Amino acid sequence: MNDKISFIIDDREIKAKKGQTILAAAQEAGIYIPRLCSKEGLSPFGSCRVCTVLVNGRAQASCTQPVAQGIVVENSSEKVFQIRKQIIEMLFIEGNHFCMFCEKSGNCELQALAYRFGILAPSLPFMFPEKDIDASHPDVFIDRNRCVLCGRCVRASRELDGKHVFQFVGRGPERRIAVNASADLKNTELESSDKAVEICPVGAIIRKRVGFKIPVGKRLYDHEPIGSDIEKACT
Ligand code: FES
Numbered sequence: 316m317n318d319k320i321s322f323i324i325d326d327r328e329i330k331a332k333k334g335q336t337i338l339a340a341a342q343e344a345g346i347y348i349p350r351l352c353s354k355e356g357l358s359p360f361g362s363c364r365v366c367t368v369l370v371n372g373r374a375q376a377s378c379t380q381p382v383a384q385g386i387v388v389e390n391s392s393e394k395v396f397q398i399r400k401q402i403i404e405m406l407f408i409e410g411n412h413f414c415m416f417c418e419k420s421g422n423c424e425l426q427a428l429a430y431r432f433g434i435l436a437p438s439l440p441f442m443f444p445e446k447d448i449d450a451s452h453p454d455v456f457i458d459r460n461r462c463v464l465c466g467r468c469v470r471a472s473r474e475l476d477g478k479h480v481f482q483f484v485g486r487g488p489e490r491r492i493a494v495n496a497s498a499d500l501k502n503t504e505l506e507s508s509d510k511a512v513e514i515c516p517v518g519a520i521i522r523k524r525v526g527f528k529i530p531v532g533k534r535l536y537d538h539e540p541i542g543s544d545i546e547k548a549c550t
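Using the numbering used here, read the sequence shown as starting at 316 and increasing by one per residue.
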C-alpha cells in the first residue's frame, strides 16, 4: 500500500509520509519552518505558534498539523513572515530578555529567530513583568525572566529523563514553570546532565559555572542563521 502523499509548499510539490507533520515533511525536503517549542525527540506541543503556516489559506501550527493529500501550504509568503515576526516580538515583550547579559547569548534560539526575522527592537512596549529566579540547586538555575513557556523542559523531563521535575502552573499572564517539589529546584531530583536542562531554547534553565565559556565567534548562531543546517542539508 502506498503510504506517501504529496502536497504543495511554497509552489513546490513534496512527498510526505501519511501522519507526518507539515514541519517534519518540510524539513525532510530541506525547507526550514521556524519553531521554538517543537524539538525532535519530544512529543509535539503546539504552544508557541512560531511555526505557523497557511494551509489552504488558514493559519495552522505546522508542528502539530499532519500533512494531507493536495494541501497548499504557504511558508515563505510575506503574510506568514509577518505573523511569525509578531509572535516572536510578543515573546520578547512578555519576558525580560536582556540578551547582552545572558549566558545563552549566541546559542539562544529566540535571539537567533529575532536575527533571522530582522527584529532589532519590538514594535510594542515591553511589559517588564516581575518574574522570579530559583538558584537553589547546586548546579542549575531557573531564570523565569527568560522563560518562553515552550514546555520543552516539561516534556524532556518526563519523556527523556523519566522524571517529572517541571510542570506548568497558573493561567494566562500568571502561567509559569514550576518544579515538582514543595520548595525549590534543589528539592527535586534534577541533575545537571538531564536532557531537560540542555533542551531549553533560551537562557531560562542554565547550568551553573559554564556561562560565557564559548567565545564570541564560536557560538552556535554566530555565523549562520538558525535553520541554515536544514536548508543546506538538501542543497
Ligand atoms: Fe509549532 Fe511551537 S513550534 S507551535
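Backbone N, C-alpha and C define an ideal beta-carbon position, used for all residues, glycine too.
Since the model is a prediction, treat every value here as computed from it, not as a measurement.
What's the gap between the Cα of residue i and the Cα of residue j?
i: CYS465; j: GLN342; result: 20 angstroms
i: SER451; j: HIS538; result: 35 angstroms
i: ALA519; j: ASN460; result: 7 angstroms
i: ASP449; j: LEU435; result: 29 angstroms
i: PHE396; j: ASN502; result: 43 angstroms
i: GLY372; j: PRO381; result: 16 angstroms
i: CYS515; j: ALA331; result: 29 angstroms
i: LYS478; j: LEU357; result: 14 angstroms
i: ASP447; j: GLU409; result: 14 angstroms
i: ILE337; j: LEU351; result: 15 angstroms
i: MET442; j: LYS319; result: 47 angstroms
For the alpha helix (DSSP H) containing residue i, name the first residue and the last one.
i: VAL469; result: 467-474
i: ASP544; result: 543-548
i: VAL455; result: Segment 455-458 is the beta strand (DSSP E) holding VAL455; no alpha helix (DSSP H) there.
i: ARG431; result: 424-431
i: ALA519; result: Per DSSP, ALA519 belongs to no alpha helix (DSSP H) and is neither H nor E.
Compute the distance between the beta-carbons of residue i and residue j, then report whether it is under 8 angstroms.
i: ASN390; j: ILE329; result: no
i: GLU474; j: GLY345; result: no
i: PHE322; j: ALA383; result: yes
i: GLU513; j: VAL480; result: no
i: ALA427; j: ILE541; result: yes
i: ILE403; j: PHE432; result: yes
i: VAL517; j: CYS423; result: yes
i: PHE407; j: ALA429; result: yes
Provide the residue span of the beta strand (DSSP E) that contains residue i, from first to last.
i: ALA493; result: 491-494
i: VAL484; result: 481-484
i: ARG293; result: The structure shown does not extend to residue 293, since the chain spans only 316 to 550, so no value can be given for it.
Per DSSP, residue i forms a beta bridge with which residues?
i: ASP326; result: None; ASP326 has no bridge partner.
i: PRO381; result: THR336
i: GLU389; result: LEU369
i: ALA331; result: ILE320
i: ASP449; result: ILE457
Sequence-ordered residues whose beta carbon comes within less than 6 angstroms of a heavy atom of ligand 1: ARG350, LEU351, CYS352, SER353, GLY361, SER362, CYS363, ARG364, VAL365, CYS366, ALA376, CYS378
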